[in-house]
Structures are given as structure tokens and as C-alpha cells.
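S.K.: Could you have a look at this structure, given as C-alpha cells, before my questions?
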Amino acid sequence: MVNRIEKLGKWLLEKRGFRVAWFAKDPQRQQPPEEALANMPKALAEKLIDSINDLPLHPREQKVVSEAIESAISRWRSHPEAAENSIVVVADPVSSISGIVISSLQTVGSAIAEEEKDSDQPPLKVNLLDWVERPADARTIQRQIEKKLDLSEDKKAQLDQETQSDQETQSAEEAQPDSRALMVIPDLCWCFLRSADGLDGLDYLQDLLPCDRTRFWVLGSGMVGWEYLKSTIKFHAYCGKIITTPKLSGEDLQSWLSPVVEQFDVYFPETGLHKRFQNRNHLFEMDVDADKPIEAISEVSQEITASVQSSVRSLKKRLEPDESKQADNSPQEIYFERLADISDGIAEVAVQMFIKSLRYCQIKPKLETSKDKESESEKSEKKVILKQVSESGSESETKEIEKKKDTEKEFRLVATTPKLPQLPELSQDDLYLLYSLMLHGDMTIIALSKSLGDSPNVVNNQVQMLRNVGIVEQQASVLKVNPVHYPRLCRELSRNNFIIEAP
Amino acid sequence: MYEDKSHFLSHSFLGHSFSSHSFLGHSFLNHSFLNHSFLSQSFLNHSFLNLDWLAQSSGNAAENAGKAASDTADQTRQLLSKITAPKVIQALLIVGLAYAVIKTVDWVVISLSERVARHDRLRVKQFQPFVRTLVMTVTVITLMNLFLNLSRENVLAVTGTIAVALGFAFKDYASSIIAGIVGLFEAPYRVGDRVAIAGNYGEVISYGLRAIRLKTPSDNVVTVPHSHIWSNTVSNANMGELEAQVVTQFYLAHEANPEEVENILYRIAYTSKYTHLKLPILVVMSEHSWGSLFKLRSYPLDARDEFMYATDLTIRAKKEFAKRNLPYPKRFDLVEADDAGADG
């Protein structure tokens with residue numbers, strides 16, 4: 122079981138980038154986080170992207186999901202007829218639910234293998250729906266699910282079972298342990314398309330789930346897709362436990378991103394008003410464009426909010442004699458608290474906001490107050506990476522860097538106040554399209570046009586407009602909502618009657 | 059001399075006759091005094107022949123009435139003499155300012171209502187008629203004060219004059235304005251509502267002092283006076299709410315499997331991008347001699363999309379019907395075409 126899941130996990134990771142790789146390789150348009158990367162030296166940006174992509178799934182997310190799956194499977198194995206035979210893992214549509222499910226199952230697989238050894242139980246057969254995208258033709262979804270999950274014969278048996286209920290129920294109760302199987306559908310959103318015949322696959326699963334007690338189902342789903350299925354075909358009525366991935370706190374994000382912070386020696390300046398007035402450069406670090414007044418107002422208001430919050434915390438720190446609480450008021454802590462706050466605790470959004478907030482700039486040595494305690498040797502160790510990055514760059518870049526050799530030591534990655542970008546002006550048709558994208562997670566133009574009931578040409582025109590304003594990302598033919606806009610977009614859709622839960 | 063006498067006598071007669079109706083009497087007096095000498099002449103003759111006793115017996119009363127009439131005429135002359143060029147310019151500026159304020163308020167309310175959450179769109183739009191009415195009222199009072207010097211007596215005189223003028227010439231206009239003010243509170247329609255009124259259906263895009271403006275599905279703007287609400291029905295689809303139910307009808311032959319049709323229609327509604335999934339979706343069916351009538355009752359996310367929504371549902375349903383070979387009624391069977399909508 123473990124091998125099979127690991128194999129699929131590797132394959133998924135190869136096929137789909139889950140974080141920065143998604144947008145960093147977008148050949149046509151620069152999305153908001155890409156702009157931040159574009160202002161860094163190329164080699165440094167690439168190194169940063171690699172480091173972010175190497176980040177594992179957040180341990181807390183993985184722990185919550187794997188514990189829930191493990192306990193549900195244990196209950197089912199003990200009492201297959203009484204216990205629920207399915208679990209649904211729901212995550213935000215910008216998170217890679219398939220990655221979360223697969224990664225958690227790897228942990229669960231090891232635990233189950235241990236359990237099987239101890240109890241001499243036969244190994245649990247694993248059937249994985251190893252898709253990385255929705256089948257091109259939505260009408261074939263049901264057939265493909267049957268084929269991939271080895272279910273074609275079972276449907277007939279199930280129909281027979283319905284006609285001979287008592288006798289068959291007895292036989293199911295006495296089913297041999299070696300006939301039991303674990304069925305994994307990493308992303309339920311790939312199993313349907315919002316069209317007249319696009320829900321047939323789910324109808325099929327809906328019939329199968331409650332009847333077949335010899336199988337345990339692990340289903341992953343995007344939040345928006347799940348809400349849609351709940352309100353339309355009442356899919357939740359047929360499922361067992363439903364768990365939602367946890368919202369991450371500032372502390373969670375800090376510990377998760379600490380390898381990147383340490384590797385690149387990211388500097389977190391004080392954002393309190395009193396500190397800003399001490400340094401004029403930091404006072405005017407806002408990216409304000411007079412041609413975009415709404416964006417400028419949003420930028421300034423977020424900056425002011427962050428500064429005021431920071432000042433209040435700083436004031437508390439002075440008044441609070443308790444040393445244990447003082448540690449919670451470092452600029453880095455404040456930064457990650459704010460990051461968790463604006464990203465609604467979603468790792469995918471937070472990591473992109475983190476990149477967006479990074480600046481490669483020169484800072485005055487006197488500002489390095491947080492590093493005062495560090496020894497000179499520690500400082501030089503951390504700067505080795507930046508030097509290595511410079512060395513691995515192109516010749517022209519190296520020459521350029523050499524010219525600035527004297528000042529190079531003062532250039533660092535500085536984490537400015539993380540800010541949510543303002544949503545662009547969106548028409549009603551744009552909202553329909555964006556909701557459709559969030560409903561299905563990611564999709565092609567053809568699938569999107571079927572979901573909207575419009576012609577592909579019309580949808581393509583609209584998509585290109587939305588890409589221009591940075592709210593939609595496109596990699597090859599696959600479209601996705603830009604995670605940095607997710608929190609605000611989610612609220613916007615929720616306020617406009619769409620079935621979506623605002624974070 | 060003759061002219062003066064005739065005037066005096068006519069005034070005495072009229073003053074006596076209308077002594078108990080001060081408003082109308084005065085205004086009518088002014089009118090006769092200034093313009094209707096022929097009338098005075100007839101009164102003069104009449105007086106000489108038949109009413110000598112009247113002049114003698116009520117000499118004092120006539121003298122008083124004549125004095126009052128003369129005073130009123132003087133006041134009118136004074137009022138008219140106060141209409142100077144600077145005042146006219148001032149009035150034009152006030153009217154221009156009021157126009158600018160109304161247009162600004164319209165723009166602010168409309169653009170704000172389109173930007174806020176859809177739930178609040180209609181609420182924001184309700185400010186428009188109130189603000190318009192307020193601005194117009196203030197403007198009219200300011201203008202009257204400018205020209206008529208609104209003392210107590212002037213108000214009474216002017217009100218009386220206006221009442222008569224409205225009674226004869228602007229009856230319908232006044233009726234519409236009053237209906238508009240009543241409508242603000244009774245709210246048979248509000249800005250943003252989708253109403254059927256006076257044989258027209260559309261969205262109320264403007265609530266004026268005299269009339270509303272409807273934008274019809276064919277993009278025509280229809281002006282309907284408020285007075286229509288006095289004695290006619292107004293059918294309001296959403297009554298201040300954002301949601302308006304859309305009923306889409308499907309006609310099928312008796313051979314069509316109703317369960318299959320029902321499932322298709324539910325599925326079609328659930329998968330339309332326009333459908334408001336938080337509100338109920340219902341399929342109802344009725345039997346007719348020509349076949350079966352299915353009605354899909356559902357709500358679009360935005361009432362403005364109702365026609366697009368109905369079109370989307372119809373197109374996709376027809377595709378499914380065609381795919382499953384569901385038969386439509388034959389034309390020669392259509393004998394109850396007109397009563398199709400009578401059964402809910």
C-alpha cells in the first residue's frame with residue numbers, strides 16, 4: 122500500500138507544480154508574486170523558487186488529516202458494517218487537495234502496515250484514482266472511474282444486492298477481510314463538470330458509497346466544489362466524516378517558512394510608526410500608483426493598519442514586564458501574525474504573499490537591530506548563500522554584481538508588510554467565470570466553456586482579460602485562480618449570492 | 059371714466075359674491091380686474107337695470123370689498139414688479155444647481171449601488187427618489203421665496219392660485235406627483251424592482267417626481283406616470299429583494315416520461331451558471347389535451363439575468379430532450395394554447 126501511494130505521490134509532484142512552480146513558469150504574463158521575483162537577481166529568484174517548492178506540506182495540516190483518516194480506517198476495519206466507510210477531506214480550492222490527501226495517506230500507510238504486522242491482518246488493497254486532471258470528455262467520467270477503480274463488476278453486484286437485500290446483507294457482514302479495499306479519490310472535483318451530463322460520475326459514486334461496506338473511501342475535495350455538491354446533489358448525505366484542513370496560525374507559518382527565512386537571511390524590519398519615523402526610507406516603502414486610486418487607498422490603509430498594530434504591540438511590550446511575552450513581539454512574529462491574518466491561514470496563499478512582500482534592497486546597518494545579537498560568524502555563514510547565488514548567475518550578472526562589490530554586503534532580502542492586492546474591477550460575467558474556476562479547482566478552456574454554457578471563443582476572450590489583470594493564471598492550457606486574490610475573491614463571491622463560504 | 063366705473067361695479071359685485079371665499083375670490087378678482095373688461099361691462103348693465111338696490115343697501119360692504127380688491131391688485135403689481143433681471147438670473151442659477159445636484163446624486167447612487175454587494179444594491183438605490191424629491195422641494199420653495207416673498211398672506215394667495223390652476227390645467231400632473239409621494243412610502247415599486255405596469259415589463263431604473271422609467275427586455279425605456287397606481291394593478295416580481303423567480307416552461311408530448319423530464323430539468327437548473335442555489339428549485343407539471351406542460355421554477359443569482367437565465371435553461375434542456383428523443387407535442391394537438399399559463 123505504502124509503495125503504491127508513494128509512487129502516485131511522486132508522479133503527482135512531477136506532473137503538477139503546487140506552489141511557485143505553477144506561476145513562475147507562466148510564459149506570458151507576470152502575476153503579482155512574479156513581479157516581486159522579477160525585481161531580484163535572476164539566480165536569487167530561482168533559488169528562492171526552488172526552496173519554496175521544496176517545502177513539505179505543512180506538518181499541522183498533514184497531522185490533522187492523517188490522524189482523521191487513520192482513525193476512520195481503524196474504526197471501519199473493526200466494524201465494517203457499523204462504522205462509516207468513507208471520509209472526505211475538504212481544503213480551500215487554491216490548495217492542492219490531491220497533494221494533501223496523497224501525502225497524508227503516505228503517513229497513514231506506514232501506520233496501517235505496522236498495525237497489519239502486529240495483528241496478522243491481510244494487507245489492505247489500495248485502489249487509487251491516479252488522475253492529475255479531469256477527463257477531457259465529462260461524459261466518460263463514470264466509465265473511467267469504473268475502470269480505474271476496478272468497479273465495473275461491482276456495480277452489477279450492487280444492483281443484484283439491492284434485489285436480494287437480506288441474504289446479501291448477511292454476506293457483506295461476513296465478507297472476508299482480504300476482500301476489503303481502500304479506495305482513494307484525491308480530488309473529487311476532477312470527477313465532475315458542472316454540465317447536464319457532467320455529474321453522472323458522482324451519481325454513480327453516490328449509489329456505490331453507502332452500499333458497499335467492503336470498501337473504505339478516502340475522498341479529497343475543494344471547498345467550493347464540496348459546497349456545490351452539498352447543495353445540489355446532497356453528496357454529503359452519502360459520505361461519512363468530513364474534515365476540513367486547519368487554518369494556520371502565524372506561529373505555524375513562521376515555523377513552516379523558517380528554512381527559507383534562514384537560508385536567505387530575510388530581514389524583517391520594524392513596522393511600528395515610531396520606527397518608521399526614525400527611518401524615512403521605510404516610511405515611504407509603499408507601492409502607490411496615482412493612476413490607480415482604489416489600489417493606492419487599499420495599499421495605504423493596509424500599511425497604516427499594519428503599522429498601528431505593530432505600534433500597539435510594541436507599546437504593550439514596553440508595558441508588559443513578562444519576558445516570555447516579549448518574545449512574541451519581534452518584527453518577525455508580527456510579520457507572520459499579519460501574514461496568517463490576511464491569508465486566512467491558507468498555506469498556499471501565505472507563501473505567495475510572503476514572496477510578494479520580499480524586496481531585494483539595500484538597508485542601513487544601523488537598522489539591523491534584530492541581528493545585533495548575532496555573531497559576525499553567523500552573519501557571514503548566512504550570506505554565503507547570497508554569494509553562491511551571485512556566483513552561479515550569468516556572466517553579465519556577475520560583472521554587474523562585481524561592480525557593486527563594495528555595496529553588495531548591504532543588499533538583503535527584506536520582508537515588507539504583507540498586503541492583499543486589491544481585486545480588479547469585475548463584471549457579473551467575470552464572477553461567473555471565477556466561481557466556475559474555483560468550483561472545479563483548475564480546468565481547461567474547453568471544460569470551462571462547458572461549465573459556463575458559453576462558446577470556447579467567448580470564454581477564451583474573457584480569460585485573457587482576466588489574465589491581464591492578474592486574477593487568473595494559465596499554465597499551458599490549464600487555468601486557475603491566482604491564490605493571492607483568493608481571500609478577497611472569496612468574500613466578493615460570497616457577498617454576491619454564490620454558494621461559497623467566506624473565510 | 060366709464061372704464062373706471064365699470065371696473066368698480068364689477069368689483070363690488072364680485073367682492074360681495076365671493077366674500078366668504080377669500081382665496082378664490084381674491085384670485086378671481088385679480089383676474090377679472092386685470093383682463094375681463096367685457097365681463098365688467100355686462101355686470102355694469104346688469105347693475106344699472108336691476109341692482110341699484112344692492113349698491114345702496116350694501117354700500118359700505120362694497121366699498122370694503124373694492125378696497126380689498128384694490129389692495130390685492132396692488133400686491134400683485136408689487137410682486138410682479140419684484141421680478142427683476144438679477145432675480146431671474148439667480149433663479150436660473152438655483153435651477154441649474156438643483157439640476158446638477160440631482161444628476162450628481164443619481165450618478166453617485168447608481169455607481170455606488172453597482173459597486174456594493176448585490177444584497178445592498180436595491181437598498182442603496184432607494185435613496186435616489188427620496189433625495190430627488192427633497193432637492194426638488196427645496197428648489198421650488200427657494201424659487202417661490204425669491205419671487206413671491208413667502209409671507210403668510212402670499213402663501214395663502216399663491217396656494218389658492220396654484221390650487222385653481224392645478225384643478226383646471228395640471229390635474230393629471232398633480233395627481234402623478236401626489237401618487238409619487240404616496241408611492242415613496244407605500245412602495246408598490248422601487249428602483250431596481252422588476253415590475254409589470256401599464257402593459258410593460260421591465261426594471262425600474264428611475265423614480266422621478268412625476269413618473270418612473272422602466273427598462274424593458276428589448277432595451278426600451280418606458281415612462282409610466284405614478285398616477286397609474288391609483289386605479290391599476292402593479293405586478294412586482296422582487297419587491298425590493300434582489301431575487302426574482304423565473305418560470306421556464308417546457309412543452310412535451312404525453313409519451314415523454316415525466317420522471318425523466320423532471321430529472322433533466324432539475325439537473326439543468328443545478329448546473330446553470332446563473333442559478334441561485336441557495337433558493338428553492340421546483341418542477342411542476344400539468345396535463346393538457348395537447349401534451350404535458352412542465353414548469354421549472356428557479357431563481358437567478360441576479361434578477362437582471364432573468365432572460366439570459368431562461369434562455370440558458372431552455373437551450374440546455376432542449377439539447378437533453380433531443381439526446382433522449384423526448385417527443386414534443388404535435389401542432390395539430392395544440393388546442394389549449396391560451397390556457398397554458400392558467401395553472402400555476
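Top line first, the protein sequences correspond to chains A and B. In short: position in the first sequence from 1, add 121, done, that's the working numbering. In short: position in the second sequence from 1, add 58, done, that's the working numbering. Just so it is clear, CB atoms sit at the ideal spot from N, CA and C, and this is done for glycine as well. All values derive from a computational prediction rather than experimental measurement.
Taking C-beta pairs closer than 7 Å, name the residues in chain A that residue 372 of chain B reaches, listed in chain order.
M.R.: The premise fails here: residue 372 of chain B is roughly 11 Å from chain A at the closest Cβ pair, so nothing lies under 7 Å.
S.K.: For residue 402 of chain B, is the classification buried or exposed, using 16 other Cβ atoms within 10 angstroms of its Cβ as the cut-off for buried?
M.R.: At residue 402 of chain B, the pLDDT of 46 sits below 50, so the modelled position is not reliable; the number obtained from the coordinates is stated separately. By the neighbour-count rule (16 or more Cβ atoms within 10 Å), residue 402 of chain B is not buried but exposed.
S.K.: Check residue 263 of chain A in the structure and name its three-state DSSP category.
M.R.: Of the three classes helix, strand and coil, the one that applies to residue 263 of chain A here is helix, per DSSP.
S.K.: Beta carbon of residue 264 of chain B, beta carbon of residue 136 of chain B: below 9 Å?
M.R.: Result no, Cβ atoms of residue 264 of chain B and residue 136 of chain B do not sit closer than 9 Å.
S.K.: For residue 561 of chain A, is the classification buried or exposed, using 16 other Cβ atoms within 10 angstroms of its Cβ as the cut-off for buried?
M.R.: By the neighbour-count rule (16 or more Cβ atoms within 10 Å), residue 561 of chain A is buried.
S.K.: Fully enclosed by the segment 191-264 of chain A, which alpha helix (DSSP H) runs are 4 residues long or longer?
M.R.: You should have 218-240.
S.K.: Tell me which residue opens and which closes the alpha helix (DSSP H) that residue 318 of chain B is part of.
M.R.: Unbroken alpha helix (DSSP H) run through residue 318 of chain B: 316-328.
S.K.: Are the C-beta atoms of residue 325 of chain A and some chain B residue less than 9 Å apart?
M.R.: No, residue 325 of chain A lies away from the interface with chain B (no Cβ there is under 9 Å from its Cβ).
S.K.: Do residue 279 of chain B and residue 184 of chain B have their CB atoms nearer than 9 Å?
M.R.: No. Outside cutoff.
S.K.: Could you give the first and the last residue of the continuous beta strand (DSSP E) run that contains residue 346 of chain B?
M.R.: Counting along the chain, the beta strand (DSSP E) containing residue 346 of chain B begins and ends at 340-346.
S.K.: Output the residue ranges of the alpha helix (DSSP H) runs that lie fully inside the segment 571-607 of chain A and measure 4 residues or longer, sorted by chain position.
M.R.: As far as the segment 571-607 of chain A is concerned, its whole alpha helix (DSSP H) runs of at least 4 residues are 577-589.
S.K.: Identify which residue in A:305, A:253 and A:381 has its Cα closest to the Cα of residue 176 of chain A.
M.R.: If we check each option's Cα against that of residue 176 of chain A, A:381 comes out closest.
S.K.: Is there a Cβ from chain A that is less than 9 Å from the Cβ of residue 251 of chain B?
M.R.: Judged by the 9 Å Cβ criterion, residue 251 of chain B is not in contact with chain A.
S.K.: The alpha helix (DSSP H) with residue 252 of chain B in it runs from where to where?
M.R.: No alpha helix (DSSP H) holds residue 252 of chain B; the beta strand (DSSP E) holding it covers 252-255.
S.K.: Could you check how far apart the C-beta atoms of residue 348 of chain A and residue 622 of chain A are, in whole angstroms? I think they sit under 8 Å.
M.R.: Contact holds; Cβ gap of about 6 Å.
S.K.: If the cut is a Cβ gap below 7 Å, which residues of chain B does residue 553 of chain A touch?
M.R.: Neighbours of residue 553 of chain A on chain B, chain order: 331.
S.K.: Any idea what DSSP makes of residue 359 of chain A, helix, strand or coil?
M.R.: Residue state, collapsed to three classes: helix.
S.K.: Is the beta carbon of residue 346 of chain A sitting closer than 9 Å to the one on residue 207 of chain A?
M.R.: It is not a contact, given that the beta carbons lie outside the stated cut-off.
S.K.: Which runs of the beta strand (DSSP E), 3 residues or longer, sit entirely within the segment 194-266 of chain B?
M.R.: Fully enclosed beta strand (DSSP E) runs of 3 or longer: 252-255 and 258-265.
S.K.: Please find out if some non-hydrogen atom of the ligand PLP comes closer than 8 Å to the beta-carbon of residue 551 of chain A.
M.R.: This structure lacks the ligand PLP, and indeed carries no ligand of any kind.
S.K.: Between the segment 252-269 of chain B and the segment 286-301 of chain B, can you find at least three pairs of beta-carbon atoms closer than 8 Å?
M.R.: With the cut-off at 8 Å, the segment 286-301 of chain B and the segment 252-269 of chain B touch.
S.K.: To which residues of the same chain is residue 231 of chain B closer than 6 Å at the C-beta, ignoring the five residues directly before and after it?
M.R.: So the list is empty, once near-sequence residues are dropped.
S.K.: Residue 187 of chain B by DSSP, collapsed to three states: which one?
M.R.: Helix at residue 187 of chain B.
S.K.: Kindly indicate if chain B contains any beta-carbon less than 9 Å away from that of residue 619 of chain A.
M.R.: Yes - at least one Cβ of chain B is within 9 Å of the one on residue 619 of chain A.
S.K.: Shorter than 9 Å from the beta carbon of residue 181 of chain B to some beta carbon of chain A?
M.R.: No, no contact with chain A.
S.K.: Any idea if residue 153 of chain B is buried or exposed, counting beta-carbon neighbours within 10 angstroms, 16 or more meaning buried?
M.R.: By the neighbour-count rule (16 or more Cβ atoms within 10 Å), residue 153 of chain B is not buried but exposed.
S.K.: Quick check: the Cα distance between residue 262 of chain A and residue 319 of chain A, rounded to an integer number of angstroms?
M.R.: So the two alpha carbons sit approximately 8 Å from each other.
S.K.: Quick check: is the beta carbon of residue 541 of chain A nearer than 9 Å to any beta carbon in chain B?
M.R.: Taking Cβ atoms only, chain B never reaches closer than 9 Å to residue 541 of chain A, which makes this a no.
S.K.: Terminal residues of the continuous alpha helix (DSSP H) containing residue 173 of chain B?
M.R.: Segment 143-173, the alpha helix (DSSP H) holding residue 173 of chain B.
S.K.: Are there 16 or more other CB atoms within 10 angstroms of the CB of residue 425 of chain A, so buried, or fewer, so exposed?
M.R.: Looking at its Cβ environment, which holds fewer than 16 other Cβ atoms inside 10 Å, residue 425 of chain A is exposed.
S.K.: Within 9 Å (strictly less), CB to CB, does residue 318 of chain A reach chain B?
M.R.: So, interface residue.
S.K.: Using the beta-carbon of each residue, which ones in chain B are nearer than 9 Å to residue 315 of chain A?
M.R.: Result: 328, 329, 330 and 331.
S.K.: With respect to the beta strand (DSSP E) encompassing residue 352 of chain B, which residues constitute its N-terminal and C-terminal limits?
M.R.: From DSSP, the beta strand (DSSP E) with residue 352 of chain B extends over 349-356.
S.K.: Could you give the residue range of the beta strand (DSSP E) that holds residue 303 of chain B?
M.R.: Note, residue 303 of chain B: premise wrong, no beta strand (DSSP E); not H, not E.
S.K.: For residue 172 of chain B, count neighbouring C-beta atoms within 10 Å of its own C-beta (all shown protein chains included) and say buried if the count is 16 or more, exposed if not.
M.R.: That one is exposed.
S.K.: To the nearest angstrom, report how far apart residue 81 of chain B and residue 221 of chain B are at their CA atoms.
M.R.: The pLDDT assigned to residue 81 of chain B is 39, lower than 50, so where the model puts this residue is not dependable; a value taken from the coordinates is nonetheless given after this. Looking at the two C-alpha atoms, the distance is approximately 10 Å.
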